[in-house]
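To start, the structure under review is shown below, and the notes come after it.
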Amino acid sequence: MPSSCAPERYLTIPEVAERLGTTERFPRRLVAERRIAFVKVGRHVRIAESVLAAYIAARTVQPARGLRSGYGQAA
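Counting in UniProt numbering, the sequence shown tops out at residue 75, every number present.
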């Protein structure tokens, strides 16, 4: 049965680090601590793009509005 969706793309550790704007050490630590889902292909580790997107979305902090009462006012 053909699928209308594009196949999932799996990223290498250097690709994940680049997308996160970090060094390779950070995604390797996420994998070692089992804080992100990953796929082992032999001894290679891959992270699905959808998993990385979900990880980023879950850790995105929305800005707080209206909490700046008195900020920037002269005393």
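Cβ atoms here follow ideal geometry from the backbone N, Cα and C, with glycine treated the same way.
Around the beta carbon of residue 14, fewer than 16 other beta carbons sit within 10 angstroms, so the residue counts as exposed. When the Cα atoms are used, residue 10 and residue 61 turn out to be separated by approximately 26 Å. When secondary structure is reduced to three states using DSSP, residue 64 falls in the coil class, being assigned neither helix nor strand. For residue 46, no alpha helix (DSSP H) encloses it; the enclosing beta strand (DSSP E) starts and ends at 44-48. The shortest C-alpha to C-alpha distance from residue 46 to any of 7, 12, 5, 8 is the one to 12. Beta bridge pairing from DSSP links residue 31 with no other residue. From the listed residues 29, 36, 19, 65, the smallest Cα separation to residue 55 is found for 36. Annotated as proximal: residue 16 and residue 27, with beta-carbon spacing under 8 Å.
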